[in-house]
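The next block holds one structure in the form of structure tokens; read it before the comments.
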């Protein structure tokens with residue numbers, strides 16, 4: 001396990017935010033991507049009774065990984081992050097006094113999850129080393145590149161490559177019958193299902209709608225390495241009531257680490 | 001237009017069933033696949049304001065096609081059916097006195113929708129001849145073959161081929177910016193989306209759940225030929241309330257031709 005390092009005095013502006021009603025804290029940059037409901041939903045895809053070692057691919061400051069640790073007392077996490085700046089934030093999160101009850105079960109690995117073969121193992125991601133992988137790929141970045149028409153096809157290829165590479169690595173590092181959970185946007189469903197096919201099975205998908213009458217804004221896909229069961233589509237999660245203001249009870253439960261997304 | 005033919009005296013046992021609260025009738029065999037909610041949901045995927053010529057691929061006795069005609073007064077239907085026995089039922093449906101108000105807008109074409117190229121045109125399915133194609137492929141048959149483990153891979157290939165061939169033909173016979181609607185099972189989603197990709201766009205998907213807490217039993221996918229917009233996942237249709245007994249109001253509306261599935 002890497003030693004948690006404190007943020008240096010010249011650390012960029014950051015915030016310390018409470019999650020799970022104060023049961024853990026996140027040290028994250030003030031600007032750029034900030035963790036929130038996506039990380040809580042991804043973490044909630046891990047079964048409540050999960051015991052074992054999991055990897056959080058693209059861990060960022062550690063919100064999803066710590067949310068799993070907070071809900072699952074027998075889980076151990078490796079926060080895998082390519083950016084050394086974000087890996088420092090992840091280490092600062094683990095070192096935060098408010099997370100002292102979780103820190104012994106968490107470590108940070110600075111590594112690129114898109115590496116393959118021997119390079120991936122040498123970066124610290126050994127084959128069959130995990131019981132579960134959760135991932136929140138940088139789909140917003142791929143999205144931004146897709147806007148101009150001329151770049152659309154290229155971006156599409158990039159996006160396919162993104163999920164193919166991330167899920168290929170997950171299939172390598174997870175043990176047989178280990179789990180995978182991915183959160184992404186609806187338009188990335190095909191790339192995800194194509195990358196899952198032939199590797200994982202018993203695939204479950206869940207759509208996240210902001211309101212009962214609105215199109216989905218996220219999908220969460222879960223699967224089991226080497227399983228052969230068919231795709232199942234679970235009841236959706238609706239974040240807010242019809243007015244769009246009040247979160248639903250189920251959203252509150254998931255957001256606060258009191259329920260799992262797939263009911264297990 | 002083919003002349004509607006009455007069923008011969010030696011016609012197999014059949015029933016005449018009311019749909020849309022008696023606004024049209026279906027003459028169908030007593031045994032084998034019987035039309036019901038699947039056909040009503042598929043028909044409801046056509047926008048209420050649709051005007052033009054549509055094909056119903058795998059029309060069976062005509063339930064989905066007549067449901068569109070019943071709801072859309074400016075729609076004209078070609079019921080495409082490979083089985084000459086079922087095509088006879090479709091013709092009997094059109095000829096039924098209770099459907100006299102719809103009959104002038106319907107015809108039956110006995111043809112195999114999986115034909116390609118010149119053979120498809122010669123069978124009566126000309127390129128660019130339709131404004132919309134609806135299809136209810138025989139997914140139950142593919143499913144039944146998939147049960148034994150040894151046949152699973154083969155059935156999977158068969159299933160992929162099924163949707164690829166049906167959707168390839170739809171892309172050929174529909175005009176640019178014409179529509180496609182497919183109803184199938186959740187496990188067939190990848191095959192459908194793969195077949196749509198590169199042909200249709202602006203894809204919308206909707207999951208059908210039997211109860212609020214149950215996995216989806218059907219998916220309805222709609223798309224536009226040559227469009228390039230991304231996949232959107234619409235709010236699901238829930239058929240029954242939590243007890244599983246009472247149909248929801250929305251189900252009643254769709255079942256009776258009083259609402260469209262996608263709200264247009």
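Chains as they are written, first to last, in the numbering used here: chain H, 1 to 264; chain Z, 1 to 264. Each residue gets a CB set at the ideal place from its N, CA and C atoms; glycine is no exception. Note that the structure is a prediction, hence the values are computed from the model and not measured.
When burial is assigned at 16 or more other CB atoms within 10 Å of the CB, is residue 173/H buried or exposed?
By the neighbour-count rule (16 or more Cβ atoms within 10 Å), residue 173/H is buried.
Note down, one range per segment and in chain order, each alpha helix (DSSP H) of at least 4 residues found wholly within the region 21-89 of chain Z.
Listed in chain order, the complete alpha helix (DSSP H) runs (minimum 4 residues) inside the region 21-89 of chain Z are 37-44 and 63-71.
Taking 8 Å as the CB-CB limit, is residue 232/Z close to chain H?
It does: the Cβ of residue 232/Z has a partner Cβ on chain H nearer than 8 Å.
Between residue 233/Z and residue 42/Z, is the Cβ-Cβ spacing less than 8 Å?
No, Cβ-Cβ distance for residue 233/Z and residue 42/Z is not below 8 Å.
Under 8 Å by Cβ, that's how I've got residue 65/Z and residue 106/Z pegged, so tell me the actual separation to the nearest angstrom.
Between residue 106/Z and residue 65/Z the Cβ distance is about 7 Å, and since that is below 8 Å, they are a contact.
Under 8 Å from the C-beta of residue 252/H: neighbouring residues of chain Z:
Correct list: empty, because the minimum Cβ distance to chain Z is about 18 Å.
Under 7 Å by beta carbon: chain H residues contacting residue 209/Z:
Here the neighbours are 235.
Where residue 190/H meets chain Z, residues with beta-carbon distance less than 8 Å:
Under the 8 Å cutoff, chain Z gives 190, 193, 194, 197 and 231.
Within chain H, partners of residue 259/Z - CB distance below 8 Å
Result: empty, since nearest Cβ-Cβ is about 13 Å, beyond 8 Å.
With a 10 Å radius around its C-beta and 16 neighbouring C-beta atoms as the bar for buried, classify residue 127/H as buried or exposed.
Residue 127/H should be labelled exposed.
DSSP state of residue 254/Z, grouped into three classes?
Helix, per DSSP.
Does any residue of chain H have a CB that is nearer than 8 Å to the CB of residue 17/Z?
Answer no: the Cβ-Cβ gap between residue 17/Z and chain H never drops below 8 Å.
On the criterion of 16 or more Cβ atoms from any shown chain inside 10 Å, does residue 88/Z qualify as buried, or is it exposed?
It is buried - the Cβ of residue 88/Z has at least 16 other Cβ atoms within 10 Å.
For the beta strand (DSSP E) containing residue 220/Z, list its first residue and its last residue.
Taken as a continuous stretch (DSSP letters only), the beta strand (DSSP E) holding residue 220/Z covers 218-225.
Three CB pairs or more closer than 8 Å across the region 105-120 of chain Z and the region 75-95 of chain Z
Output reads yes: the region 75-95 of chain Z touches the region 105-120 of chain Z.
Sort out for me which residues DSSP pairs residue 139/Z with in a bridge.
Beta-bridge partners of residue 139/Z (DSSP): none assigned.
Looking at C-alpha atoms only, which residue of 117/H, 236/H and 20/H is the closest neighbour of residue 213/H?
Ranking 117/H, 236/H and 20/H by Cα distance to residue 213/H puts 236/H first.
On the CB-based measure, 16 or more other CB atoms within 10 Å of its CB, does residue 252/H come out buried or exposed?
Per the 10 Å Cβ criterion, exposed.
Mind checking whether residue 264/Z and residue 47/Z have CB atoms under 8 Å apart?
In this structure, the beta-carbon distance from residue 264/Z to residue 47/Z falls below 8 Å.
Suppose only complete runs of 3+ residues qualify. What are the beta strand (DSSP E) ranges in the region 98-128 of chain Z, listed by chain order?
If we require 3 residues or more, the beta strand (DSSP E) runs fully inside the region 98-128 of chain Z come out as 106-110.
Within 8 Å, do at least three Cβ pairs link the region 27-38 of chain Z to the region 112-124 of chain Z?
Under the Cβ criterion (8 Å, minimum of three pairs), the region 112-124 of chain Z does not count as touching the region 27-38 of chain Z.
Quick check on residue 246/Z - is its C-beta less than 8 Å from some C-beta in chain H?
Proximity of residue 246/Z to chain H, defined by a Cβ-Cβ separation below 8 Å, is not satisfied.
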